[in-house]
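Structure, as structure tokens:
Number of protein chains: 2
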Amino acid sequence: MRRVAIIGVGQTKFGNLGEITTRELFLEASLNALKDAGLTTDDIDAIYFGNLDSSRFEHQCHTAAINASVLTNRSIPATRIENACASGGTALIQGYMSIAAGMFDTVLVVGAEKMTNVTTPEAIDVLATCADDITEVPHGITFPGLYALMARAHMAQFGTTEEQLALVAVKNHKNALDNPYAQFHKEITLEKALSSIMVADPLKLYDCSPISDGGAAVILMALDKTEQLDNVTPVEIVGVGQASDTIDLANRMSLTSIYATKLAAKRAYQMANIAANKIDIAEVHDCFTIAEIINTEDLGFFEPGKGAKAVEEGLTQRDGDIPINTSGGLKAKGHPIGATGVAQIIEITHQIRGTAGKRQVNGVNYGLAQNMGGSGATATVTILKGV
Amino acid sequence: MRRVAIIGVGQTKFGNLGEITTRELFLEASLNALKDAGLTTDDIDAIYFGNLDSSRFEHQCHTAAINASVLTNRSIPATRIENACASGGTALIQGYMSIAAGMFDTVLVVGAEKMTNVTTPEAIDVLATCADDITEVPHGITFPGLYALMARAHMAQFGTTEEQLALVAVKNHKNALDNPYAQFHKEITLEKALSSIMVADPLKLYDCSPISDGGAAVILMALDKTEQLDNVTPVEIVGVGQASDTIDLANRMSLTSIYATKLAAKRAYQMANIAANKIDIAEVHDCFTIAEIINTEDLGFFEPGKGAKAVEEGLTQRDGDIPINTSGGLKAKGHPIGATGVAQIIEITHQIRGTAGKRQVNGVNYGLAQNMGGSGATATVTILKGV
């Protein structure tokens with residue numbers, strides 16, 4: 001397989017962006033990434049676009065073709081990928097494979113979602129389509145409820161506390177203060193998080209990621225082609241892994257571990273030929289605070305049941321042993337579904353290049369991004385490394 | 388790039404299938420393809436799934452993961468692709484690239500759509516999301532109207548007649564008589580087609596493909612791995628091409644040519660290193676009769692403006708120079724959106740293997756499948772050849 005590198009990254013602000021369409025989010029993020037790479041639209045061979053459901057948010061399918069023609073009149077191949085909240089991470093892997101295969105040299109991978117032009121109940125109903133509509137949704141459960149079940153199980157099995165969950169939110173809100181693109185620039189205290197309204201016991205408002213608009217873009221290039229570029233610091237994709245699991249929680253082997261994350265990580269580590277302890281920094285899918293804790297265990301950063309304690313001990317803070325979600329995570333950076341997995345790649349790229357500004361962590365060699373769909377029926381893991 | 392072959396094909400019946408879900412359509416088609424290849428679910432490394440909009444048809448996103456767990460408990464990577472009515476053809480290309488890259492050895496590519504559990508107006512509204520929701524849909528135009536504009540332009544520019552359009556339907560209905568999986572087994576006369584109710588002048592009921600349920604599956608394998616198989620006749624994928632165009636018709640250079648088809652074909656012919664006149668048989672995206680005529684011109688089978696005359700002269704019949712849509716096409720075989728592009732590959736595979744039964748055309752060496760999204764904003768072309 002040909003080696004593949006990230007040569008440009010760009011995104012929009014995340015948040016409630018008012019009157020803006022998905023195609024505009026796509027364009028803004030893409031132009032920022034092109035500028036970062038010093039390229040023009042003429043240099044792009046193909047587009048992969050991660051998007052959950054513009055069909056219901058905007059009455060618009062066929063979005064990949066729209067985006068392609070918004071960007072260029074060169075009629076390049078454009079493909080939409082939907083794997084629930086892992087749409088962005090999956091699009092990245094498709095882009096990677098298309099270059100690895102030798103089909104294309106330079107590929108634009110974008111994720112975008114415009115969620116705030118429907119009512120909140122309608123947005124929640126769209127999100128519910130990522131759970132099982134036969135075995136779960138008819139019972140009235142939505143994602144806060146599903147993750148609450150995982151949280152309760154983790155608490156019962158390992159003694160994880162509501163305080164430890166809340167500390168994930170406190171950390172991620174603090175990290176987001178230094179991310180100009182984040183939805184929230186609002187430091188919160190443990191007390192504030194713990195006293196926020198209950199959404200699905202034990203998960204409170206601050207345990208949940210928000211509804212967001214936003215777009216994120218990265219440009220991939222065959223590594224052997226990057227030598228021709230000026231002023232670009234390529235970051236190599238050294239491992240990718242993807243896995244699936246039953247979409248319904250009831251059929252899983254465990255409520256306290258997300259098997260798809262474990263398996264996607266195993267595949268990515270094998271490809272990169274490294275162990276988990278080589279990873280210096282990670283962006284982890286924290287749609288709910290409990291998800292960050294479980295995922296850090298399944299990624300091999302902590303033993304099963306030790307993830308919550310690690311948060312309490314500060315190991316996942318920006319100056320900790322393994323900084324998690326320096327971008328602010330889904331929790332505070334925002335979670336425009338299709339964009340999320342791509343935005344994770346942007347943060348890791350910045351950290352490896354040394355362009356993360358105030359969020360910069362020293363000495364990042366290997367970085368990892370883990371993106372997840374639904375309650376964990378899809379997971380993607382991507383490992384990046386400086387060239 | 389590694390060479391890739393099709394080693395198994397299978398599908399469900401197309402039509403109004405009543406109480407059946409997309410995951411069941413997926414499973415039935417997949418098991419038929421596995422049986423055809425002499426493989427089990429344990430042999431599959433990854434799944435690509437083409438689907439337009441289960442979100443609105445079934446209140447279900449995240450369908451790729453559901454399908455993976457319905458098929459196997461091995462947690463294999465599964466990815467949904469949506470490119471409007473070209474979702475199936477695009478999924479096939481993604482599966483191809485994943486093997487060509489060396490990521491996987493054996494990949495299941497499936498398309499499925501369950502359309503008949505919503506009302507016809509609602510299905511039409513879902514399909515309308517494949518047109519431009521900013522510049523087209525607000526004017527009240529849906530796909531029959533868009534293709535009617537193309538038909539009128541073709542008639543004005545080249546003298547194409549309503550009779551010639553109707554002859555496409557007559558041919559495809561006749562072909563479908565010999566396809567046990569086709570939605571319609573009903574021979575029609577030219578008079579019947581011409582006297583059917585007007586949908587969008589000049590397109591009448593028999594100029595339009597139907598609303599359908601159905602699933603279609605093909606199994607791809609690295610060609611060098613196929614030697615280990617018994618009783619399998621591999622059919623090689625020797626060329627793939629994909630292209631995009633403006634989603635709205637008003638911005639196109641021409642109403643009488645679909646540029647994305649032209650460009651996708653050019654790319655596929657280049658990869659296969661052949662010219663159009665080498666193709667022995669083709670499945671062409673005949674969502675409307677005019678689409679088959681325009682596409683056969685853009686694929687290079689006939690000169691611009693000569694496609695309608697070719698139908699009249701019988702050149703596209705089963706015993707003609709270049710048989711088009713021996714399966715019955717979208718018109719008579721049915722058009723379950725996500726399944727369509729995959730079902731085209733099934734027909735070409737049968738024709739090359741010599742397993743097309745009563746539909747068999749003699750001496751098929753090269754076959755081509757052309758799948759299209761919307762009014763032509765996405766097109767994929769795949770060229771197959773016997774090994």
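Chains as they are written, first to last, in our numbering: chain U, 1 to 387; chain B, 388 to 774.
Cβ atoms here follow ideal geometry from the backbone N, Cα and C, with glycine treated the same way.
Euclidean distance between Cα positions of residue i and residue j
i: L27 (chain U); j: Q157 (chain U); result: 46 Å
i: A609 (chain B); j: R389 (chain B); result: 7 Å
i: G314 (chain U); j: G320 (chain U); result: 6 Å
i: I711 (chain B); j: M271 (chain U); result: 44 Å
i: V107 (chain U); j: S196 (chain U); result: 43 Å
i: I247 (chain U); j: V622 (chain B); result: 34 Å
i: G754 (chain B); j: V625 (chain B); result: 10 Å
i: A678 (chain B); j: K591 (chain B); result: 14 Å
i: A64 (chain U); j: L190 (chain U); result: 42 Å
i: Y574 (chain B); j: N559 (chain B); result: Checking the sequence, you will find Glu at residue 574 (chain B) rather than Tyr. Rounded to the nearest angstrom, the two C-alpha atoms are 9 Å apart.
i: Q60 (chain U); j: L439 (chain B); result: 11 Å
i: G425 (chain B); j: V619 (chain B); result: 8 Å
i: H672 (chain B); j: T643 (chain B); result: 15 Å
Residue i at chain B interface by Cβ criterion, 8 Å
i: A369 (chain U); result: no
i: S394 (chain U); result: This structure cannot settle anything about residue 394 (chain U), because the visible part of chain U is limited to 1 through 387.
i: M1 (chain U); result: yes
i: G102 (chain U); result: yes
i: A217 (chain U); result: no
i: E283 (chain U); result: no
i: A291 (chain U); result: no
i: R80 (chain U); result: yes
Beta-carbon neighbours of residue i, restricted to chain U and to distances below 9 Å
i: Y534 (chain B); result: Within 9 Å Cβ-Cβ: nothing; Y534 (chain B) doesn't reach chain U, min ~15 Å.
i: P464 (chain B); result: T90, I93, G241, Q242, A243, S244, A264, R267, T378 and T380
Closer than 8 Å at the beta carbon, the chain U residues around residue i
i: C339 (chain B); result: Lying before the first or after the last residue shown, residue 339 (chain B) is absent from chain B, which here runs from 388 to 774.
i: D440 (chain B); result: S55 and C61
Short Cβ contact (8 Å threshold) for residue i with residue j
i: E670 (chain B); j: A756 (chain B); result: yes
i: S98 (chain U); j: A465 (chain B); result: no
i: Q380 (chain B); j: G721 (chain B); result: Here chain B covers residues 388 to 774 and nothing more, so residue 380 (chain B) does not appear.
i: V729 (chain B); j: G395 (chain B); result: no
i: I468 (chain B); j: Y435 (chain B); result: yes
i: V698 (chain B); j: Q551 (chain B); result: yes
i: V497 (chain B); j: S417 (chain B); result: yes
i: S337 (chain U); j: E113 (chain U); result: The identity of residue 337 (chain U) in the sequence shown is Ile, whereas the question assumes Ser. Their beta carbons are under 8 Å apart, which means I337 (chain U) touches E113 (chain U) by this criterion.
i: I258 (chain U); j: I6 (chain U); result: no
i: A84 (chain U); j: G374 (chain U); result: yes
i: N566 (chain B); j: G715 (chain B); result: yes
i: T349 (chain U); j: L384 (chain U); result: yes
i: V555 (chain B); j: T676 (chain B); result: yes
i: G402 (chain B); j: Q570 (chain B); result: yes
i: A153 (chain U); j: M372 (chain U); result: no
Cross-chain neighbours of residue i in chain B, by beta carbon under 9 Å
i: G374 (chain U); result: C448, H449 and A452
i: A260 (chain U); result: A452 and S462
Residue-level contact to chain U via CB, residue i, 8 Å cutoff
i: S485 (chain B); result: yes
i: D520 (chain B); result: yes
i: I511 (chain B); result: no
i: E684 (chain B); result: no
i: E445 (chain B); result: yes
i: I431 (chain B); result: no
Residue i burial status per 10 Å Cβ neighbour count (16 or more: buried)
i: K331 (chain U); result: buried
i: Q615 (chain B); result: exposed
i: M640 (chain B); result: exposed
i: V387 (chain U); result: exposed
i: K275 (chain U); result: The question names Lys, but residue 275 (chain U) in the sequence shown is Ala. So A275 (chain U) ends up on the exposed side.
i: A250 (chain U); result: exposed
i: G140 (chain U); result: exposed
i: T408 (chain B); result: buried
i: E690 (chain B); result: exposed
i: K262 (chain U); result: buried
i: D230 (chain U); result: exposed
Neighbouring residues, chain B, relative to residue i (Cβ below 7 Å)
i: I247 (chain U); result: H449, A452, I453 and S456
i: A84 (chain U); result: C448 and H449
7 Å Cβ cut-off: residues of chain U touching residue i
i: I732 (chain B); result: Residues of chain U passing the Cβ test: none, with the nearest at roughly 17 Å.
i: E406 (chain B); result: Result: empty, since nearest Cβ-Cβ is about 12 Å, beyond 7 Å.
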